[in-house]
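So the structure is just underneath, and the comments pick up after that.
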Amino acid sequence: MTIRAVVKGVGHYLPERVVPNSHFEETLDTSDEWIRSRSGIERRHFAAEDETTSMMATRAAQAALDAAGLTAADLDTIILATSTADLTFPSAATMVQANLGMTSGFAFDIQAVCAGFVFALSNANALIVSGQAKRVLVIGAETFSRIMDWSDRSTCVLFGDGAGALILEAQTGNGTSDDRGILATDLHSDGRHRDLLYVDGGVGSRTTGYLRMQGNQVFRHAVEKLASTARASLAKAGLGADDIDWIVPHQANIRIIQGTAKKLGLSMDRVVVTVQDHGNTSAASIPLALSVGHARGQIKPGDLIVTEAIGGGLAWGSVVLRW
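Going left to right, the sequence shown walks through residues 1 to 323 as my numbering numbers them.
Structure (structure tokens):
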């Protein structure tokens, strides 16, 4: 028998404020058509002034717990993927732990920018497979609206805020690709490309810092690296692209999503797409898309899912799981 990390519940939270593309026409040389044609984004959500990453993460976490029929007392671990934690320290994950009333176990943040949730899933899987935890709450949450340069039309129109959460539970499987749960993971990073996507301030500097991105270069790396890591994780699981029911990609840009699907030889009707409604929510985008896809009735028990993401670092990776 093999220990698998199996999905028990999923949930998400989006701030109330919805910002359409037309909002940016008032202050920038841009248009709804320009934004849609280059990114596929139509609207995004922005957090209220008093709304923090840990608050949104808590709402998503509670939704996942409710869906799983569990309470915080049933959890061993919380892993929160974020690049926009409330404070330098303590971790936002410990704030969620307190908000949920969880007084045992442990909680920590993971920072791999847009690839954060994939890295968090991989770490959660390792904790479960090694026997260090039986139930892990994995969250992706971001308030990227706090690090935008509102004069930079190439970046500020792309990002949004939100949170998504997934609960993984240790269950026994037969050790085959028919098992439910995480079947394989594949992680990478290459610090030589740090200047392609970064924040130019923060800890150790005298400025809060804004997100800076060389969009064309990031796009060039994204499609090739995402397709490659998806193939690698599938190979580890003894599967191929034809076995995929759904790709649930990082929702950065519709052209990246389309390009990756094409390289894998898959049609877009096998891809869960939410970028039009949420924009790029960084580490929150995959759990948001999983939760929305499940709520839509797209993702069903037994479906084979591939998630893949790339972010600053550069850091990228993928996870193959059976729902």
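Think of the CB as a built atom: it goes at the ideal place given N, C-alpha and C, for glycine as much as any other residue.
Item to check | Backbone CA spacing between Ala283 and Asp74 [nearest angstrom] | outcome: 25 Å
Checklist entry - If you draw a straight line from the C-alpha of Tyr198 to the C-alpha of Asn253, how long is it? => result 18 Å
Item to check | Enclosing alpha helix (DSSP H) for Lys236 [first to last residue] | outcome: Gly215 to Lys236
Item to check | Nearest-angstrom Cβ-Cβ length linking Ala57 and Ala163, presumed shorter than 8 Å | outcome: Their Cβ separation, rounded to whole angstroms, is 5 Å, which keeps Ala57 and Ala163 in contact under 8 Å.
Item to check | Thr71, enclosing beta strand (DSSP E) - first and last residue | outcome: Looking at the DSSP string, Thr71 is not in any beta strand (DSSP E), and its letter there is neither H nor E.
Checklist entry - Given Gln276, which residues of its chain have a CB within under 7 Å of its CB, disregarding the five upstream and five downstream residues? => result These residues qualify, in order along the chain: Gly40, Ile41 and Glu42.
Checklist entry - Between Ser189, Leu314, Leu168 and His250, which lies nearest to Gly11 when the distance is taken from Cα to Cα? => result Leu168
Checklist entry - With Val138 and Ile182 assumed to form a contact (beta carbons below 8 Å), what rounded beta-carbon distance in angstroms separates them? => result That belief does not hold up - the Cβ atoms of Val138 and Ile182 are roughly 11 Å apart, past 8 Å.
Item to check | Given 8 Å, three or more beta-carbon pairs between the region 105 to 118 and the region 315 to 323 | outcome: Yes, the region 105 to 118 is in contact with the region 315 to 323.
Item to check | the region 120 to 129 in contact with the region 89 to 97 per 3-pair CB rule at 8 Å | outcome: no
Item to check | Other residues of its chain near Asp179: CB distance less than 8 Å, five sequence neighbours each side excluded | outcome: Thr2, Arg4, Gly173 and Arg322
Item to check | Outcome for Trp150 when other beta-carbon atoms lying within 10 angstroms are tallied against a minimum of 16 | outcome: exposed
Checklist entry - Quick one: what's Glu142 bridged to in DSSP? => result Gly162
Checklist entry - Nearest to Thr143 by alpha carbon, out of Phe106, Asp186, Glu51 and Gln258? => result Glu51
Checklist entry - Where do the N-terminal and C-terminal ends of the alpha helix (DSSP H) with Ser37 fall, by residue? => result Asp32 to Ser39
Item to check | Under the three-state DSSP convention, the category Ala81 falls into | outcome: strand
Next on the checklist: Can you give me the C-alpha to C-alpha distance between Leu166 and Gly238, rounded to a whole angstrom?
Outcome noted: 25 Å
Item to check | Option nearest Gly175 by Cα separation, candidates Lys236, Leu100 and Thr281 | outcome: It is Lys236 whose Cα lies nearest to the Cα of Gly175.
Next on the checklist: Please identify the residue among Asp269, Gln251, Ser154 and Ala241 whose C-alpha is closest to the C-alpha of Met213.
Outcome noted: Ser154
Next on the checklist: Please classify Arg135 as buried or exposed, where buried requires at least 16 other C-beta atoms within 10 Å of its C-beta.
Outcome noted: buried
Checklist entry - Cβ of Asp186 within 7 Å of Cβ of Ala261? => result no
Next on the checklist: Mapping the DSSP letters down to three states, classify Gly326 as helix, strand or coil.
Outcome noted: As displayed, the chain neither begins before 1 nor continues past 323, which places residue 326 out of reach and without an answer.
Checklist entry - Do the CB positions of Gln171 and Val19 come within less than 7 Å of each other? => result no
Checklist entry - Going by alpha carbons, who is nearest to Ile110 out of Thr84, Thr103 and Leu100? => result Thr84
Checklist entry - Hey, out of Arg296, Leu28 and Ser54, whose CA is closest to Phe108's CA? => result Ser54
Checklist entry - Do the CB positions of Val306 and Val320 come within less than 7 Å of each other? => result yes
Checklist entry - Of all the CB atoms in chain C, is at least one closer than 7 Å to the CB of Val248? => result In summary, chain C is missing from the structure at hand, where a single protein chain is found.
Checklist entry - Among Leu234, Glu224 and Phe24, which has the Cα closest to the Cα of Ile256? => result The shortest CA-to-CA distance from Ile256 to any of Leu234, Glu224 and Phe24 is the one to Glu224.
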